[in-house]
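Here's the structure, in structure tokens; my notes come after.
Protein chains in written order, with my numbering: chain A, 1325 to 1714; chain B, -13 to 308; chain C, 41 to 347.
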């Protein structure tokens, strides 16, 4: 039986795609979480990338763009199955998306083995920057460690000594602390790892108060962070121990935080107040189209079609010429919401990181304001371990 | 023993599964090979759960635990570069059996809702254990290589893996058929119908139920080891309680206590998950991700009106006669 | 860790326990009296939070939101009971688990369609914002004290309702012999609908109290649901007294466990390992506790007489 398939399959494949160079469209598989409790991440990113496609007129290098969306339900094996389906059934030219490190870990192997490009629009799994790096892999976001590294730097700059650390007890949570402690020079008062999915933080808040630190550094993403920030505020600690966070406060969660987030600080690669025309147009058009303020997740997803477009143009409209696509994309020659940046040798952006804080606007509602550069052209810490293998 | 029409469906199901790779290959759509491989793996899990759920009346809400254990047996060996399939599957089987023995021994002291909750709780424990296994990726999971059985039988050939899974499915269904129709199976079923009476006759019902629990868990462990091979990835997510719920739904959809029904239930569930979002997307763009909105009420209706599941919808000649 | 902090953590645990009781009270009522495993209790918890958040946002008044939330939760509960659960009473637990699992999927999706996937705003109301100093140097949020008071009031109210009133008597009678009470001319069907409605109000109330200190989002009830089941199984199904004791016990074990374990374990396994293993063991602690309790007392600490 294997015999027959071996004969039939290539014959059909050839018949189905006569002359590989004559593609009329580019098919992009996009995998993200669109259902369940974390669906908001998928929504913000999908809205961002579709705005970019609008700006491109849904054309790349003369080709029509066809998006194929897949819902990973936040499960790694489902994400992998979606990638499988998109590669085999929809015959996509590249796969993009993915919010979670563990889903990326499951998906990347499948995509790279079939020699197709994969672009992360969020997940910053460290292995992809170092030992698992691949020329087929790009990211329009960051490496996990970069943002907390910038935070450590910020705390040095603000001369905060004796800092309390709190993070989630899972891999990304531990990576955040590692990244922070790589740059932070001061003393660590204490570190706490809380349970993933935890919703009540009174016990942790009591410990923080008892330790009397100068400041608190935290990684409390998504709904956990909404609960934490509200409870921190209710306990009145925000007045004495300022809260510095990464991936906790953003426009994605700000509606949930409400006023409780006012007076907190975080670092981000995205300067939302930048005067860069690309950025201004992005924010204005996004608000007009969707009626809400874009988050950094929308911003980094906006960059994905722009990056692909630069690749297709560089490959003279042939999305099957992966080598030419990669060579063009490596130049990072496209209008990005973060302004001009370059790709490192592992295809992770070398980019600026900013200090942002939540302030009250004229009506007392929270807004995020970028208040300075913490680190310019920040490289991730893993690129030296990366050796590309085609 | 089994009605002729149902036997026809059973053979039909196996033939369809056997024909998927050549047909999909001919149509240039390899994806269905992967999809049906996944269906068959969950069919094994669902059939194994049916032994304790449908026949034994033990409502285990923690069957995903063994899926995870089997998967980690493959994953952890692979982590150390040991890809010998015989060793991996042996450990998956023994490991799941031992854990099922311990969990069963604790849980079977309780009944009814207490049993449901304690199986759920112990599986949650294993889930958190998986998350804290930093060495093996923790929450990030673990990339694994596919098992190596004998030289020349390369599981990276999707077709080879497919027929290996099909072989395991047929083997598991056959074993289950023998178990259920043995004296042992009768006792287990008797415990479901009236445990006090079985005890009064002199059967040590606890031991029989425990044995059934262990057989069931072990078989699900095999499904887990196969799942790790298919996805080339292992994650604590395999042990999440939602996953246990999904396997229960497969059993119910297929028909509880029908032995072969749950295999069809697994197919129905996974095909629904695959096709209905696409269908909804085709009707109205952007609605595909809301498929739970249809699936939830459908599940309620199914529970309310189709007690026998899909398997029960197949006309049954013996019942009409008698 | 100082003794004062330990006392504070015990207090935190008790407070979390009372909140857990608030979540599980309706569940144990429905399960104990009607013998229905209602996973959709988590959905009612979520709906309560959404109703309250919406009307709190619209009216600006927390109390007005409460007044509007209660009838809405009652109606939601009654609709669920009449449409889906009424025919489930004689079914085995498996059917109930799956049907209500289906309801969870449906409600999560409905909420997402109506309100969107984002977390909804719901701050602590101004008049409950602030803190009081119970222990020296440890100001306690007023809102959390209110949660304790509401929980205690619910416990006392339920106990009174079930043991001291005529309706309570009928409910208890219906639980031990449904057919007999029906034969005596009591509209048992209506009685059950009311009990389920009461359970829904309690779930909604718990959701509303969770809103200002948690995230109001689709699926927010599921984490709580598992904990609530642990509570009522340890306490003994249907026993209000058991639920109170078990929830405080679990609250204290969970909170004190996770604040002490990482440091206690550091004494014999090294700081780094303990920091990872401590929280992991702590998160398993309540499940170990549950397994241990059920091992020695297979029907919970306080097996209810009825049912």
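Idealized CB from N, CA, C, for every residue including glycine.
Straight-line Cα distance separating residue j from residue i
{"i": "residue 215 of chain C", "j": "residue 340 of chain C", "result": "18 Å"}
{"i": "residue 1601 of chain A", "j": "residue 1680 of chain A", "result": "20 Å"}
{"i": "residue 185 of chain C", "j": "residue 56 of chain C", "result": "11 Å"}
{"i": "residue 42 of chain C", "j": "residue 1534 of chain A", "result": "9 Å"}
{"i": "residue 227 of chain B", "j": "residue 48 of chain B", "result": "7 Å"}
{"i": "residue 173 of chain B", "j": "residue 36 of chain B", "result": "16 Å"}
{"i": "residue 95 of chain C", "j": "residue 105 of chain C", "result": "5 Å"}
{"i": "residue 1526 of chain A", "j": "residue 275 of chain C", "result": "24 Å"}
{"i": "residue 211 of chain B", "j": "residue 75 of chain B", "result": "7 Å"}
{"i": "residue 256 of chain B", "j": "residue 258 of chain C", "result": "24 Å"}
{"i": "residue 1470 of chain A", "j": "residue 1401 of chain A", "result": "27 Å"}
{"i": "residue 1645 of chain A", "j": "residue 1349 of chain A", "result": "14 Å"}
{"i": "residue 1456 of chain A", "j": "residue 1710 of chain A", "result": "8 Å"}
{"i": "residue 283 of chain C", "j": "residue 267 of chain C", "result": "12 Å"}
{"i": "residue 136 of chain C", "j": "residue 224 of chain B", "result": "24 Å"}
{"i": "residue 154 of chain B", "j": "residue 178 of chain B", "result": "28 Å"}
{"i": "residue 230 of chain C", "j": "residue 165 of chain B", "result": "46 Å"}
{"i": "residue 4 of chain B", "j": "residue 1406 of chain A", "result": "23 Å"}
{"i": "residue 1624 of chain A", "j": "residue 1423 of chain A", "result": "11 Å"}
Check whether residue i and residue j have beta carbons under 8 Å apart
{"i": "residue 171 of chain B", "j": "residue 240 of chain B", "result": "no"}
{"i": "residue 1591 of chain A", "j": "residue 1546 of chain A", "result": "no"}
{"i": "residue 1542 of chain A", "j": "residue 1506 of chain A", "result": "no"}
{"i": "residue 1605 of chain A", "j": "residue 1584 of chain A", "result": "no"}
{"i": "residue 1489 of chain A", "j": "residue 1515 of chain A", "result": "yes"}
{"i": "residue 1674 of chain A", "j": "residue 1463 of chain A", "result": "no"}
{"i": "residue 1372 of chain A", "j": "residue 1571 of chain A", "result": "no"}
{"i": "residue 90 of chain B", "j": "residue 245 of chain B", "result": "no"}
{"i": "residue 161 of chain C", "j": "residue 1363 of chain A", "result": "no"}
{"i": "residue 92 of chain B", "j": "residue 204 of chain B", "result": "no"}
{"i": "residue 1694 of chain A", "j": "residue 1596 of chain A", "result": "yes"}
{"i": "residue 334 of chain C", "j": "residue 233 of chain B", "result": "no"}
{"i": "residue 235 of chain C", "j": "residue 140 of chain C", "result": "no"}
{"i": "residue 323 of chain C", "j": "residue 1519 of chain A", "result": "yes"}
{"i": "residue 1 of chain B", "j": "residue 148 of chain B", "result": "no"}
{"i": "residue 16 of chain B", "j": "residue 1412 of chain A", "result": "yes"}
{"i": "residue 1404 of chain A", "j": "residue 221 of chain B", "result": "no"}
Chain-ordered chain C contacts of residue i [CB-CB under 7 Å]
{"i": "residue 1685 of chain A", "result": "Going along chain C, no residue has its Cβ under 7 Å from residue 1685 of chain A, so there is no contact; the nearest lies around 15 Å."}
Where residue i meets chain B, residues with beta-carbon distance less than 8 Å
{"i": "residue 1405 of chain A", "result": "20, 21, 24, 217"}
{"i": "residue 1495 of chain A", "result": "120, 123, 124, 125, 126"}
{"i": "residue 338 of chain C", "result": "95, 96, 97, 100"}
{"i": "residue 1455 of chain A", "result": "Correct list: empty, because the minimum Cβ distance to chain B is about 11 Å."}
{"i": "residue 1541 of chain A", "result": "Per Cβ cutoff of 8 Å: no residues; residue 1541 of chain A is ~21 Å from chain B at best."}
{"i": "residue 1376 of chain A", "result": "Near residue 1376 of chain A there are no residues of chain B at all, since even the closest Cβ is about 18 Å away, more than 8 Å."}
Listed by chain order, chain C residues near residue i by CB distance under 9 Å
{"i": "residue 281 of chain B", "result": "142, 145, 146, 149"}
{"i": "residue 1579 of chain A", "result": "158, 159, 160, 161"}
{"i": "residue 1550 of chain A", "result": "159, 254, 255, 256, 257"}
Nearest-angstrom beta carbon gap, residue j and residue i [assumed within contact, 8 Å]
{"i": "residue 82 of chain B", "j": "residue 122 of chain B", "result": "That pair is no contact at about 17 Å."}
{"i": "residue 301 of chain C", "j": "residue 321 of chain C", "result": "6 Å"}
{"i": "residue 40 of chain B", "j": "residue 243 of chain B", "result": "3 Å"}
{"i": "residue 1630 of chain A", "j": "residue 1660 of chain A", "result": "7 Å"}
{"i": "residue 1587 of chain A", "j": "residue 1682 of chain A", "result": "7 Å"}
Per-residue contacts from residue i into chain A (C-beta, under 7 Å)
{"i": "residue 320 of chain C", "result": "1493"}
Neighbour list for residue i in chain E, Cβ cutoff strictly below 7 Å
{"i": "residue 1426 of chain A", "result": "Although the question refers to chain E, the structure presented lacks it and instead comprises the protein chains A, B and C."}
Under 9 Å from the C-beta of residue i: neighbouring residues of chain B
{"i": "residue 1489 of chain A", "result": "What residue 1489 of chain A touches in chain B: nothing, since even the nearest Cβ is about 17 Å away."}
{"i": "residue 1429 of chain A", "result": "123, 126, 127, 128, 129, 219, 221"}
Within chain C, the residues that residue i reaches when beta carbons sit closer than 8 Å
{"i": "residue 104 of chain B", "result": "273, 330, 331, 334"}
{"i": "residue 1566 of chain A", "result": "Correct list: empty, because the minimum Cβ distance to chain C is about 17 Å."}
Chain-ordered neighbours of residue i on chain A, where CB pairs are closer than 8 Å
{"i": "residue 316 of chain C", "result": "1493, 1498, 1517"}
Complete beta strand (DSSP E) runs within the region 1665 to 1693 of chain A (minimum length 3 residues, chain order) | As far as the region 1665 to 1693 of chain A is concerned, its whole beta strand (DSSP E) runs of at least 3 residues are 1673 to 1684.
Unbroken alpha helix (DSSP H) runs of length 4 or more, entirely within the region 1359 to 1413 of chain A: which are they?
-> Given a length threshold of 4 residues, each whole run of the alpha helix (DSSP H) inside the region 1359 to 1413 of chain A is given here in chain order: 1363 to 1380, 1400 to 1412.
Segments of 4+ residues assigned as alpha helix (DSSP H) that fall wholly inside the region 43 to 67 of chain B = Listed in chain order, they are 50 to 65.
Completely contained beta strand (DSSP E) runs for the region 1491 to 1544 of chain A, where each covers 3 or more residues = Runs of the beta strand (DSSP E) lying entirely within the region 1491 to 1544 of chain A and spanning at least 3 residues, in chain order: 1512 to 1518, 1539 to 1543.
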